[in-house]
Amino acid sequence: MSGLSVACSAVIVLFGAVCSVFIFCEYLIYYAAILQCGWPGIDHGAPASEKSADGEPEPAVLRAMVLSDTHLLGAVGGHWFDKLRREWQMERAFQTALALLQPEVVFILGDVFDEGKWSSPKNWEDDVCRFQKMFRHPSDTELVVLVGNHDIGFHYEMDWFKLQRFEKAFNTTSTRMVTKKGVNFLLVNSVALHGDGCPICQSVEKQLYTISRDLNCSLLQNSESSVIKEYCQDAWTYPSTPPIILQHYPLYRVSDAGCTGRDAAPTEERHLLFREKYDVLSREASHRLLQWFKPRLVLSGHTHSGCQVLHDNQYPEISVPSFNWRNRNNPSFILGSFSPGGYGLSKCFLPEESTVIALYCSTGASLLLLPLVHCLWMRGLLRCLSLCPISKHKSL
């Protein structure tokens with residue numbers, strides 16, 4: 029009876045250990061990672077009155093969380109276990125971040141889905157439902173989703189049907205200005221900046237031109253010039269501050285050769301040349317955006333890796349890494365504190381997939397070794413060998 033009690037106790041202890049590892053790897057590890065993150069103070073371009081002495085944002089500062097390239101797998105190329113594992117990771121990371129950091133607005137910089145470019149209507153609805161479950165959020169947090177090439181297809185694959193079903197699913201237009209607490213965020217459909225005169229491209233460029241005119245008129249609203257007053261008489265009024273551009277494609281750059289940090293592209297990939305209109309925007313489209321809007325910051329995705337670039341020695345761009353374990357071992361997101369006159373950014377890293385795999389593997393190895401250790405130490409080596417099925421077979 030005592031031997032049976034010892035065995036039962038051992039089983040209970042082992043079961044408890046396995047459950048503890050599971051709970052840590054699937055729940056608590058996200059708290060351990062995100063608790064290390066915090067909102068940055070205003071440290072770029074802010075007047076002294078807007079800067080916080082203790083690093084905490086002032087009440088007028090907007091707290092925004094920015095992530096990119098979630099790539100929810102579809103019905104065609106997505107294996108069920110891949111979906112389960114990676115989508116659970118994103119759901120737990122997102123929900124934990126909302127609970128701990130409480131952002132006022134969340135921006136997702138495109139490629140929400142992996143197969144939006146060819147999804148059937150039924151598969152599209154299923155994918156949207158999964159997205160809404162994973163990225164559910166309280167009513168006081170606004171979720172703003174941008175379009176990416178995997179959502180509507182690359183330039184020659186996109187059409188009005190795909191674009192409009194995306195806009196309907198997320199109750200948005202793909203190119204627009206969003207203003208929060210006096211901060212202008214310009215949302216750009218960068219897939220349509222091909223410059224070849226396609227109908228969607230023409231529509232997006234017309235919207236951008238109109239927004240540019242309205243924004244410039246807002247910056248010149250105190251002008252006494254009669255020409256400017258006539259030009260701006262029917263313009264929409266925005267806060268008179270340069271915008272922050274949010275888009276999926278990065279602005280033109282030759283490669284990631286100048287990118288550094290733990291979330292940069294692998295060393296062997298950094299010197300690969302980017303293709304215009306595929307990996308990055310064209311030179312012409314990039315130049316036009318910078319000249320029309322003169323942004324104080326550009327945030328982009330698409331490359332799945334982090335990078336910081338300064339265009340024309342005055343326009344900073346941050347490439348936001350993928351949020352999905354499927355695309356990188358160490359996903360992350362951006363925390364931004366924004367005011368009309370300045371901003372501050374910090375990066376929050378999620379648990380590495382290799383760490384979780386290592387924990388599960390070490391737990392499995394321990395479970396396999398413990399019976400052997402118990403056998404060797406408690407019953408003796410000979411007794412252990414005599415109970416081995418191979419030894420019995422040989423004795424026959």
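Residue numbers for the sequence shown follow our numbering, so the first one is 29 and each next one is one higher. By construction, the Cβ of each residue, glycine as well, lies at the ideal position given by its N, Cα and C atoms.
Does residue i pass the burial test, meaning 16 or more other C-beta atoms within 10 Å, or should it be called exposed?
i, result
"Ser48", "exposed"
"Trp116", "exposed"
"Gly289", "exposed"
"Pro149", "exposed"
"Thr98", "buried"
"Ser423", "Per-residue confidence for Ser423 stands at a pLDDT of 47, beneath the threshold of 50, marking its modelled position as unreliable; no derived number is given."
"Glu312", "exposed"
"Asp107", "Per the sequence shown, the amino acid found at residue 107 is His instead of Asp. With fewer than 16 Cβ atoms within 10 Å of its Cβ, His107 is classed as exposed."
"Val173", "buried"
"Ala386", "exposed"
"Asn352", "buried"
"Phe194", "buried"
"Ala76", "A caution first: Ala76 carries a pLDDT of 49, below 50, which makes its placement in the model unreliable, though a value can still be read off. When all chains shown are included, Ala76 counts as exposed."
"Pro379", "buried"
"Ala81", "Reliability of the predicted coordinates at Ala81 is poor, the pLDDT of 49 falling under 50, and the value obtained from them is presented with this limitation in mind. Per the 10 Å Cβ criterion, exposed."
"Pro131", "buried"
"Gly426", "Because the chain spans 29 through 424 in this model, residue 426 falls outside it and cannot be assessed."
"Val41", "exposed"
"Val39", "exposed"
On a Cα-Cα basis, can you pick out the residue from the options that is closest to residue i?
i, options, result
"Ala61", "Asn341, Ser360, Ser347 and His165", "Ser360"
"Trp67", "Val46, His315, Ala92 and Ala45", "Ala92"
"Pro270", "Ala125, Ser350 and Trp320", "Trp320"
"Ser310", "Glu195, Cys376 and Asp224", "Asp224"
"Ala220", "Thr201, Ser328 and Glu233", "Glu233"
"Val282", "Asp291, Arg303 and Arg114", "Arg303"
"Leu236", "Asn355, Ala293, Leu215 and Leu126", "Leu215"
"His339", "Met162, Pro349 and Ser314", "Ser314"
"Met186", "Val206, Asn217, Gly372 and Glu170", "Asn217"
"Asp71", "Tyr280, Ser365 and Leu398", "Ser365"
"Thr200", "Cys226, Pro227, Pro278 and Leu171", "Leu171"
"Pro278", "Asp307, Leu112 and Leu400", "Asp307"
"Asp168", "Leu129, Ala197, Glu143 and Ser147", "Leu129"
"His276", "Cys389, Leu327 and Ala263", "Leu327"
"Ala127", "Tyr59, Trp188 and Leu112", "Tyr59"
"Arg113", "Gly392, Pro399, Arg354 and Gly372", "Arg354"
"Arg316", "Tyr343, Trp264 and Pro294", "Tyr343"
Taking residue i and residue j to be in contact with their CB atoms under 8 Å, please state how far apart those CB atoms are, rounded to whole angstroms.
i, j, result
"Lys190", "Gly181", "6 Å"
"Cys65", "Ser374", "7 Å"
"Lys145", "His183", "Between His183 and Lys145 the Cβ distance is about 11 Å, and since that is not below 8 Å, they are no contact."
"Leu90", "Val211", "5 Å"
"Asp155", "Gly102", "6 Å"
"Leu274", "Phe135", "6 Å"
"Arg324", "Ile272", "6 Å"
"Val337", "Val94", "With a Cβ gap of about 16 Å, Val337 and Val94 do not count as contacting."
"Lys209", "Ala88", "6 Å"
"Met205", "Ile239", "5 Å"
For residue i, would you say it is in contact with chain D, using Cβ-to-Cβ distances shorter than 8 Å as the test?
i, result
"Ala60", "Chain labels in this structure do not include chain D; a single protein chain is all it has."
Three CB pairs or more closer than 8 Å across the stretch 115-124 and the stretch 53-60 | yes
Contained beta strand (DSSP E) runs [length at least 3] in the stretch 303-330, N- to C-terminal order = 325-328
Is the stretch 321-335 close to the stretch 137-150, with three or more CB pairs under 8 Å?
-> yes
Contact between the stretch 253-270 and the stretch 295-315 (3+ Cβ pairs under 8 Å) | no
Report yes or no: do the stretch 257-266 and the stretch 235-245 share at least 3 C-beta pairs separated by less than 8 Å?
-> yes
Inside the stretch 231-304 only - alpha helix (DSSP H) runs reaching at least 4 residues = 254-259
4 or more residues per run - each alpha helix (DSSP H) lying fully within the stretch 173-241 | 177-180 and 188-197
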